[in-house]
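What follows is a short report on a single structure.
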Amino acid sequence: MSARPGFYRQELNKTVWEVPERYQNLTPVGSGAYGSVCSAYDVVLRQKVAVKKLSRPFQSLIHSRRSYRELRLLKHMKHENVIGLLDVFTPAASLEDFNELYLVTNLMGADLNNIVKFQRLSDEHVQFLIYQLLRGLKYIHSAGLIHRDLKPSNVAVNEDCELRVSASLEQESCGVEPLSHPQHVHPQILDFGLARQTDDEMTGYVATRWYRAPEIMLNWMHYNQNVDMWSVGCIMGELLKGKVLFPGTDYIDQLKRIMEVVGTPTPELLQKICSEHVRGERGRRERSVEFPGFNADLCSQAQKYIQSLPFMPQQDLEKIFKDANPSAVDLLKRMLVLDCDGRISASEALSHPYFSQYHDPDDEPEAPPYDQTLESKDRTLEEWKELVFEEATSFKASGSTTGSLQVEQ
1 MSARPGFYRQ ELNKTVWEVP ERYQNLTPVG SGAYGSVCSA YDVVLRQKVA VKKLSRPFQS
61 LIHSRRSYRE LRLLKHMKHE NVIGLLDVFT PAASLEDFNE LYLVTNLMGA DLNNIVKFQR
121 LSDEHVQFLI YQLLRGLKYI HSAGLIHRDL KPSNVAVNED CELRVSASLE QESCGVEPLS
181 HPQHVHPQIL DFGLARQTDD EMTGYVATRW YRAPEIMLNW MHYNQNVDMW SVGCIMGELL
241 KGKVLFPGTD YIDQLKRIME VVGTPTPELL QKICSEHVRG ERGRRERSVE FPGFNADLCS
301 QAQKYIQSLP FMPQQDLEKI FKDANPSAVD LLKRMLVLDC DGRISASEAL SHPYFSQYHD
361 PDDEPEAPPY DQTLESKDRT LEEWKELVFE EATSFKASGS TTGSLQVEQ
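Residues 1 to 409, numbered by the UniProt record's numbering, are exactly what the sequence shown covers, in order.
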């Protein structure tokens, strides 16, 4: 069977890609559990883009719901510091043939993880990078969402960095050039695979351990948007020091490293964040499906472990970051707070004196609320598939009057 009119086929890493002719020079850059990514040249926009082919988007109900959610989230995000959608397409001309889905976004340069490995950043760079990160995070939070997986590798910059990643997502080679003037560097928050709305029941096994807020590790279910602010604090501390702030080797070691810096939680706080770590057998069953390694008793074990340790006083961050801007350290103190209810919010952080030269309330937009009503319902696989098809066909591609998807009637 030949390619759909206006499309062409190319085999990449033993996988056939079928894409519109506007996307040329497909080059694999990475792959993961949920899809593969190629760089391409968009002849319409005259720029390089990233094309993601979702891996088996309708293999199961979980895959179908995830595909629908990722597409809707990307369509919702319209902010220069948050990854957004340029195009979405499928080679299928009808719902009956619909089995493949491709998402097109901006192609970024290096991520913060690679940049921090190769150079120490000036305070001016840290200031502007974290300001923009918080600007994007304020936008995400204003939609009623939590990112849940903020880490340096999920913050990319548009600098002209030569970064090549193998298909297994391991670094193949990297010639990261020194960052130019801070205001020429514009980071974007990536990867909404774990993003969700702020509701009462949460799942705990999410962010990479080093950047994971303590309440996620101790509670598993009840937390708020300030989990992202702990992650920002960890990222900021890493940019200032040039090394990971809390490089725990396992769950328990991670808790210990955190307490060695921020101090032992009070009995009242420990009781507060561990009070309702599991809500009945239904919660246990749901999390065991989504997170096979979930242990419902882990919070109680962690609580007992913390109580068995000698008291650890809170360290003076000025001593840990003795060469840093005092204003930066003050902001870190407000982010790295054990009690999430006492942690500074993204909106509040933007008003901190550390960002005085950049802060502009009129240029820190909020998002419309994200409606999760449709995706929270129980549906059949075919119903999810139809919803994804409708979302895809209703999207108008950047630079196109009709969009990449033209459905045959």
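Think of the CB as a built atom: it goes at the ideal place given N, C-alpha and C, for glycine as much as any other residue.
Name the residue from the options whose alpha carbon lies nearest to the alpha carbon of residue i.
{"i": "glutamate 11", "options": "Thr27, Arg22, Pro5, Val126", "result": "Thr27"}
{"i": "valine 37", "options": "Asp111, Leu107, Ile235", "result": "Leu107"}
{"i": "aspartate 250", "options": "Met217, Tyr34, Asn224", "result": "Met217"}
{"i": "serine 67", "options": "Glu390, Gly30, Lys256, Ser153", "result": "Glu390"}
{"i": "leucine 239", "options": "Leu61, Ser327, Arg120", "result": "Arg120"}
{"i": "histidine 76", "options": "Asp371, Glu375, Lys377", "result": "Asp371"}
{"i": "asparagine 13", "options": "Val29, Pro20, Arg22, Glu21", "result": "Val29"}
{"i": "aspartate 323", "options": "Gln225, Glu100, Glu366, Ser122", "result": "Ser122"}
{"i": "alanine 235", "options": "Gln127, Gln307, Glu215, Leu374", "result": "Position check: residue 235 holds isoleucine in this sequence, whereas alanine was assumed. That would be Gln127, whose Cα lies nearest to the Cα of isoleucine 235."}
{"i": "asparagine 226", "options": "Cys340, Lys78, Arg9, Ala392", "result": "Cys340"}
{"i": "phenylalanine 58", "options": "Asn99, Asp149, Ile83, Pro152", "result": "Asn99"}
{"i": "valine 337", "options": "Arg212, Lys319, Thr105", "result": "Arg212"}
{"i": "glutamine 303", "options": "Arg22, Leu270, Ser327, Arg334", "result": "Leu270"}
{"i": "proline 20", "options": "Gln47, Pro91, Ile62", "result": "Pro91"}
{"i": "asparagine 154", "options": "Tyr23, Gly136, Leu381, Gly144", "result": "Gly136"}
{"i": "leucine 129", "options": "Pro187, Gly248, Arg22, Leu309", "result": "Pro187"}
{"i": "asparagine 224", "options": "Ser345, Ser64, Lys117, Thr393", "result": "Ser345"}
{"i": "isoleucine 320", "options": "Glu18, Gly242, Pro5, Lys117", "result": "Gly242"}
{"i": "histidine 79", "options": "Leu134, Leu101, Ser31", "result": "Leu134"}
{"i": "alanine 33", "options": "Leu317, Arg9, His63", "result": "His63"}
{"i": "methionine 229", "options": "Leu86, Arg343, Gln24, Lys117", "result": "Arg343"}
{"i": "leucine 145", "options": "Ser376, Ala367, Lys396", "result": "Ala367"}
{"i": "tyrosine 131", "options": "Ser398, Thr373, Pro353, Ser394", "result": "Pro353"}
{"i": "proline 152", "options": "Glu318, Ala3, Ile306, Val244", "result": "Val244"}
{"i": "isoleucine 140", "options": "Ile189, Lys117, Tyr102, Thr105", "result": "Ile189"}
{"i": "glutamate 268", "options": "Asn81, Gln307, Ser394, Gly248", "result": "Gln307"}
Hey, quick one: how far does the beta strand (DSSP E) through residue i stretch, first residue to last?
{"i": "valine 337", "result": "That residue, valine 337, is in no beta strand (DSSP E); it is neither H nor E in DSSP."}
{"i": "leucine 103", "result": "102–106"}
{"i": "valine 37", "result": "35–42"}
Quick check on the DSSP output: the alpha helix (DSSP H) that includes residue i runs from which residue to which?
{"i": "lysine 256", "result": "251–262"}
{"i": "isoleucine 189", "result": "Counting along the chain, isoleucine 189 falls outside any alpha helix (DSSP H), though it belongs to the beta strand (DSSP E) covering 187–189."}
{"i": "leucine 387", "result": "381–393"}
{"i": "glutamate 318", "result": "317–320"}
{"i": "leucine 350", "result": "346–350"}
Look up residue i in the DSSP assignment and give the residues it is bridged to.
{"i": "phenylalanine 7", "result": "Pro20"}
{"i": "phenylalanine 89", "result": "Tyr102"}
{"i": "glycine 32", "result": "Gly35"}
{"i": "histidine 79", "result": "Val82"}
{"i": "lysine 53", "result": "Ser36, Tyr102"}
{"i": "glutamine 47", "result": "Asp42"}
{"i": "leucine 12", "result": "Thr15"}
{"i": "threonine 27", "result": "Ser39"}
May I ask whether a heavy atom of the ligand FAD can be found less than 7 Å away from the beta carbon of residue i?
{"i": "valine 19", "result": "The model depicted lacks the ligand FAD and carries no ligand whatsoever."}
Original post:
Are three or more beta carbon pairs between the region 376–390 and the region 79–98 nearer than 8 Å?
Top reply: The answer is yes - the region 79–98 touches the region 376–390, with three or more Cβ pairs under 8 Å.
Would you call the region 342–362 and the region 29–42 in contact, with 3 or more CB pairs under 8 Å?
Per the Cβ contact rule, the region 342–362 is not in contact with the region 29–42 (fewer than 3 Cβ pairs under 8 Å).
Please list the segments of the alpha helix (DSSP H) lying wholly inside the region 109–162, counting only runs of 4 or more residues, in order along the chain. Counting whole runs of 4 or more residues, the region 109–162 contains the alpha helix (DSSP H) stretches 112–118, 123–142.
inquiry  = Across the region 51–71 and the region 111–124, are there enough close Cβ pairs to call them in contact, namely three or more that are closer than 8 Å?
reply    = Too few Cβ pairs lie closer than 8 Å, so no.
| field | contact_flag[the region 304–313, the region 259–266] where n(CB pairs < 8 Å) is 3 or more | value | Contact holds: three or more Cβ-Cβ distances are below 8 Å.
- Query: Which full runs of the alpha helix (DSSP H) of 4+ residues lie inside the region 203–248, going along the chain?
  - Reply: The region 203–248 contains these whole alpha helix (DSSP H) runs: 214–219, 226–241.
- Task: Inspect the CB distances between the region 343–356 and the region 298–308 and report whether three or more fall short of 8 Å.
- Result: They do not touch, by the three-pair rule.
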